[in-house]
Structure formats: structure tokens, C-alpha cells
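Per our numbering, the sequence shown starts with residue 213, numbered consecutively.
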Amino acid sequence: MTHSASGPYRLPLSLRAPRLVGKPVVRFFAHVGRFGMLFLELGRALADYKNWVPRAFEQAYNVGIGSLFIVILTASFTGAVTALQAGYQFTGTVPLYYVGTVITESIILELGPVLTAMILAGRIGARYAAELGTMRVTEQMDALESLGRNPVSHLLLPRIVAGLVMIPALVVVADISGMVVGWLAAKSSTGISNQDFVYGARFAFRSFDMWYSVIKAETFGAVVTIIPCYVGFTADHGAEGVGRAATTAVVWSLVMILMLDMLLARVLLPT
């Protein structure tokens with residue numbers, strides 16, 4: 213770069229534009245290639261079950277039991293707020309049993325799986341990215357490779373399997389908690405009877421609704437585990453890189469959860 217009397221010389225926009233556009237494109241395809249290689253390594257690591265299965269049980273305990281309280285708390289408040297708002301909007305205008313319909317369907321189809329996934333993206337996603345990023349920048353993964361161990365089977369696969377198993381279970385717990393607390397809140401705020409609430413809950417319910425909730429939970433579980441594991445596994449630049457990896461993992465997990473939420477509704481729900 214040359215300097216002039218008025219300051220440093222800058223290339224004209226016609227020359228800078230390809231570089232400004234090209235760098236993000238190259239970075240995107242680099243991530244696509246690394247992500248594809250990671251999936252290949254995960255497939256190969258499945259054969260090493262003696263290493264990843266015991267660690268998967270440990271991670272499943274951390275994900276399931278460790279997140280149980282915050283999931284129940286979030287779902288309970290969500291059900292209570294939904295009941296209070298439904299009672300405010302519907303009292304005197306529509307039959308009261310619609311309160312049961314709104315609470316049940318909103319919790320099962322949307323609020324239960326989405327809010328649980330968002331909570332776990334912050335709790336589990338940030339933890340995975342920070343743990344793996346720290347292992348990467350402190351060369352612990354390099355030490356494993358030097359000993360002939362596969363970091364994917366030791367570190368990544370147990371975390372992903374644990375999330376895929378436990379997150380749907382947590383969503384089912386969230387659905388039940390939200391509906392029960394919503395029912396209690398509706399009784400206290402609107403005076404709805406048990407018979408009316410049950411009738412409203414069954415009025416629009418379809419057996420596919422629970423399957424839809426579980427499908428969303430499994431999809432979000434993959435997002436909450438795979439993206440943070442990839443980001444942490446490829447972290448660099450010391451402590452700053454670890455912090456950036458944790459932030460990036462949470463942000464991209466939340467973005468993907470919202471995008472897939474819309475896509476699954478469009479593909480799976482009849483219109």
C-alpha cells in the first residue's frame with residue numbers, strides 16, 4: 213500500500229469489490245467442506261463403540277438431568293402465561309373450552325419444542341463449543357491424535373448422541389409440564405371446569421401432533437449438538453477464539469432452530 217499527501221492510497225472500488233465478495237464465498241465453501249468431512253469422520257467413529265458409548269452415557273446424564281429443572285421451569289411459566297393470555301382474550305367472546313385448545317396445541321406444536329431447544333442452545337451449545345474449543349487451542353486434541361486416538365469418537369460423537377437421545381425426552385417433559393401448569397392457571401384465572409378443559413384439549417388434537425413435536429425435537433437436538441461441536445472442533449486463536457466459538461455456536465444454533473421451525477411447519481403440517 214502506498215501513501216500520498218492526503219493519506220494512504222486505497223484501491224478503487226472496482227478492484228476491491230471482488231475481494232470483498234470473494235472472501236465470504238471462499239470461507240463459506242471452506243466451512244461446507246469441513247462440515248462434510250466431519251460427517252464422514254462421525255460415520256467412521258460409529259464403529260469405535262467401545263470408546264463413545266460409555267462417554268455418551270455420561271453426556272446424556274449431563275444433558276438430561278442437568279437441564280431438567282430449567283426445562284420444567286421454562287415450560288411451566290410458558291403454560292401459565294399462555295393460559296392467562298388465552299383467558300384474557302377469549303372470556304366472553306368464544307366458548308371457554310377453547311382455552312384448553314389453545315394451551316394444548318400451542319405447547320405441543322410450537323412453544324414446547326422451540327423454547328426447550330433455545331434454552332438448550334444456550335446451556336448445552338455454548339458449553340460444547342467452549343469445552344471443545346479449549347481442548348483444541350490447548351492442543352489436547354493433538355495429544356489424543358498423537359496417541360492414536362480419534363478425537364471424534366472420544367469427544368464429539370458422545371455429545372451428539374447424548375443430545376439426540378435426551379433432547380426429545382426433555383421436550384416431552386416440557387410439553388407435559390406446560391399443559392399441566394397451563395390447565396391449573398386456566399382454572400384459577402378463568403374458572404374453566406376440568407370437563408371443558410379436557411374437551412377443548414381433545415377438540416383439535418391429532419395423534420400426529422405429538423409425533424410432530426418429537427420430530428421437531430429430534431431435528432433441533434441435531435442442531436443444538438452438531439453445530440456447537442463443529443464450531444468448537446475448528447476453533448483457533450487462543451482464548452479469544454474460544455469465546456468467539458461459544459458465541460458463534462449459540463447464534464447459529466438459534467438461527468437454524470427458527471429456520472427449521474418454519475420449514476418443518478411448511479413441510480409436515482397439512483394446509
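C-beta atoms are modelled at their ideal positions from N, C-alpha and C, and glycine is treated no differently.
Treat the numbers as computed from the prediction; the structure is a model and nothing was measured.
Counted as a single uninterrupted DSSP element, the alpha helix (DSSP H) harbouring P370 occupies residues L369 to T402. Per the coordinates, the alpha-carbon of G390 lies some 42 Å from the alpha-carbon of T350. For G245, the number of other beta carbons within 10 angstroms of its own is below 16, and it is reported as exposed.
At least 9 Å separates the beta-carbon of G312 from that of V436.
The shortest CA-to-CA distance from R478 to any of Y424, H449, G450 and V467 is the one to Y424. Ranked by how close their Cα comes to the Cα of G324, the residues A292, Q352, T346 and G345 have A292 in first place. Contact check for I277 against T294 fails: the beta carbons are separated by 9 Å or more.
The residue from A447, Y273, D408 and S465 with its alpha-carbon nearest to that of V306 is D408. For D448 and A342, the gap between their C-alpha atoms comes out near 11 Å. Here S288 has S389 and V393 as same chain residues with Cβ atoms under 6 Å from its own Cβ, once five neighbours each way along the sequence are excluded. Residues of the same chain with a CB within less than 7 Å of the CB of P363, apart from the 5 flanking positions on each side, are M353, L356 and E357 in chain order. When DSSP states are grouped into helix, strand and coil, R361 belongs to the coil group. Your pair P370 and A429 does not check out as a contact, with CB atoms roughly 19 Å apart and the cut at 8 Å. The continuous alpha helix (DSSP H) containing A272 extends over residues Y261 to F302. Within the same chain, T313 and E317 come within 7 Å of A416 by CB-CB distance, once the 5 residues on both sides are set aside.
Considering only I439, S419 and L475, the residue with the shortest C-alpha distance to T459 is I439. Taken atom to atom, the span from the alpha-carbon of D387 to that of S400 is near 20 Å. Excluding the 5 residues flanking it on each side, Y411 has same chain C-beta neighbours closer than 8 Å at Y309 and G312, in chain order.
Judged by DSSP in its simplified three-state form, R418 adopts coil rather than helix or strand. When W464, T446 and L368 are compared, the shortest CA-CA separation from L258 is found for L368.
DSSP places G324 inside the alpha helix (DSSP H), whose first and last residues are G324 to L332. Distance from the CA atom of V454 to the CA atom of R339, rounded to whole angstroms, is 11 Å. The C-beta distance from C441 to L344 rounds to 6 Å, short enough to fall under 8 Å. Within the same chain, Cβ atoms closer than 6 Å to the Cβ of I284 are found at S389, the five residues on either side in sequence being excluded. If you draw a straight line from the Cα of V463 to the Cα of R335, it is about 12 Å long. The Cβ atoms of T290 and L327 sit closer than 9 Å to each other.
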